[in-house]
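Structure first, commentary second.
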Amino acid sequence: QQQVKQSPQSLIVQKGGISIINCAYENTAFDYFPWYQQFPGKGPALLIAIRPDVSEKKEGRFTISFNKSAKQFSLHIMDSQPGDSATYFCAASLDYKLSFGAGTTVTVRA
Amino acid sequence: NAGVTQTPKFQVLKTGQSMTLQCAQDMNHNSMYWYRQDPGMGLRLIYYSASEGTTDKGEVPNGYNVSRLNKREFSLRLESAAPSQTSVYFCAGQGSYNEQFFGPGTRLTVL
Numbered sequence: 194q195q196q197v198k199q200s201p202q203s204l205i206v207q208k209g210g211i212s213i214i215n216c217a218y219e220n221t222a223f224d225y226f227p228w229y230q231q232f233p234g235k236g237p238a239l240l241i242a243i244r245p246d247v248s249e250k251k252e253g254r255f256t257i258s259f260n261k262s263a264k265q266f267s268l269h270i271m272d273s274q275p276g277d278s279a280t281y282f283c284a285a286s287l288d289y290k291l292s293f294g295a296g297t298t299v300t301v302r303a
Numbered sequence: 153n154a155g156v157t158q159t160p161k162f163q164v165l166k167t168g169q170s171m172t173l174q175c176a177q178d179m180n181h182n183s184m185y186w187y188r189q190d191p192g193m194g195l196r197l198i199y200y201s202a203s204e205g206t207t208d209k210g211e212v213p214n215g216y217n218v219s220r221l222n223k224r225e226f227s228l229r230l231e232s233a234a235p236s237q238t239s240v241y242f243c244a245g246q247g248s249y250n251e252q253f254f255g256p257g258t259r260l261t262v263l
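Chains as they are written, first to last, in my numbering: chain A, 194 to 303; chain B, 153 to 263.
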């Protein structure tokens, strides 16, 4: 059973719009929450990450929001661009081992 | 600086055949990992190695074995391949801040 639940499975957004991907977890011992971006035929690449003592982290157009009490975190992609079309995975780390969500395929329409 | 490299890129096996997937890193990572990726399931940890000379099971280890040959190399072996092992396999190394760096993957089909 998946320790990290991710939604939606896929989403389509217009160029310039906001993409939002949500993840939820149960194990409060997780201590690191990264997001990975994967293009077809490539390995996942780290996009942005947050630790549970921080509620928000922003890097360029990508923002993680973290709600420790709700055991939820989300990725916001602002001003979405066609080059952002990819599959995004959330993950949670415990003892340096990652548990991944099932992934969200984002399609940005020009 | 090639990062994490994997060989082969593609492989087709018949049921019962064996093979070894190779992974090497030049980023001086202590910890290395093997994952499999299947549609709708994200990435699942098969085995990991926290340091040279140690290995441990992940979430889905059945049907696999690993060897941490030295700090650079971490191989995954399928002794008797089954169709359920058709997947994309990724090797990763862990950096100083908990981040993992992934290789390009091996696409394996078992007929």
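Backbone N, C-alpha and C fix where the C-beta goes; we use that ideal spot for every residue, glycine too.
Give a yes or no on whether the minimum CB-CB distance between residue i and chain B is below 8 Å.
{"i": "residue 239 (chain A)", "result": "yes"}
{"i": "residue 218 (chain A)", "result": "no"}
{"i": "residue 286 (chain A)", "result": "yes"}
{"i": "residue 242 (chain A)", "result": "yes"}
{"i": "residue 235 (chain A)", "result": "yes"}
{"i": "residue 245 (chain A)", "result": "no"}
Name the chain B residues whose beta carbon is nearer than 7 Å to that of residue i?
{"i": "residue 293 (chain A)", "result": "194 and 195"}
{"i": "residue 296 (chain A)", "result": "194"}
{"i": "residue 227 (chain A)", "result": "251"}
For residue i, I'd like the list of residues in its chain whose CB is within less than 8 Å of its CB, leaving aside the five on either flank, ordered along the chain.
{"i": "residue 195 (chain B)", "result": "187, 188, 189 and 242"}
{"i": "residue 183 (chain B)", "result": "200, 201, 202, 203, 245 and 246"}
{"i": "residue 224 (chain B)", "result": "176, 177 and 178"}
{"i": "residue 208 (chain A)", "result": "273, 274, 275, 301, 302 and 303"}
Could you work out which residue in the options is closest to residue i when comparing CA atoms only?
{"i": "residue 271 (chain B)", "options": "B:233, B:246 and B:257", "result": "In this structure chain B extends from 153 to 263, so residue 271 (chain B) is not present and cannot be described."}
{"i": "residue 255 (chain A)", "options": "A:245, A:227, A:264 and A:246", "result": "A:227"}
{"i": "residue 263 (chain B)", "options": "B:238, B:221, B:256 and B:250", "result": "B:238"}
For a contact defined as C-beta to C-beta under 8 Å, what are the partners of residue i on chain B?
{"i": "residue 282 (chain A)", "result": "194 and 195"}
{"i": "residue 201 (chain A)", "result": "Correct list: empty, because the minimum Cβ distance to chain B is about 13 Å."}
Tell me the residue span of the beta strand (DSSP E) that contains residue i.
{"i": "residue 290 (chain A)", "result": "290-293"}
{"i": "residue 171 (chain B)", "result": "171-177"}
{"i": "residue 220 (chain A)", "result": "Where residue 220 (chain A) is concerned, there is no enclosing beta strand (DSSP E), given that its DSSP letter is neither H nor E."}
{"i": "residue 249 (chain B)", "result": "Segment: none, residue 249 (chain B) is in no beta strand (DSSP E) and carries neither H nor E."}
{"i": "residue 302 (chain A)", "result": "297-302"}
{"i": "residue 149 (chain A)", "result": "Beyond the ends of chain A as shown, which are 194 and 303, falls residue 149 (chain A); an answer cannot be given."}
{"i": "residue 250 (chain A)", "result": "249-252"}
{"i": "residue 260 (chain A)", "result": "255-260"}
Would residue i pass as an interface residue toward chain A - the criterion being a Cβ-Cβ separation below 8 Å?
{"i": "residue 226 (chain B)", "result": "no"}
{"i": "residue 200 (chain B)", "result": "yes"}
{"i": "residue 180 (chain B)", "result": "no"}
{"i": "residue 252 (chain B)", "result": "yes"}
{"i": "residue 242 (chain B)", "result": "yes"}
Give every residue of the same chain whose Cβ lies closer than 7 Å to the Cβ of residue i, excluding the five residues on either side of it in the sequence, and list them in chain order.
{"i": "residue 197 (chain A)", "result": "216, 218, 283, 284, 285, 292, 293 and 294"}
{"i": "residue 217 (chain B)", "result": "229 and 231"}
{"i": "residue 221 (chain B)", "result": "227"}
{"i": "residue 223 (chain A)", "result": "285, 286 and 287"}
Starting from residue i, find everything on chain A with Cβ-Cβ shorter than 8 Å and list it in chain order.
{"i": "residue 216 (chain B)", "result": "Neighbours of residue 216 (chain B) on chain A: none; closest Cβ ~16 Å, over 8 Å."}
Starting from the beta carbon of residue i, find every residue of chain A whose beta carbon is closer than 7 Å, and list them in chain order.
{"i": "residue 246 (chain B)", "result": "289"}
Go through its chain and collect everything with a Cβ distance to residue i's Cβ below 6 Å, but skip five positions before and after it.
{"i": "residue 212 (chain B)", "result": "196 and 198"}
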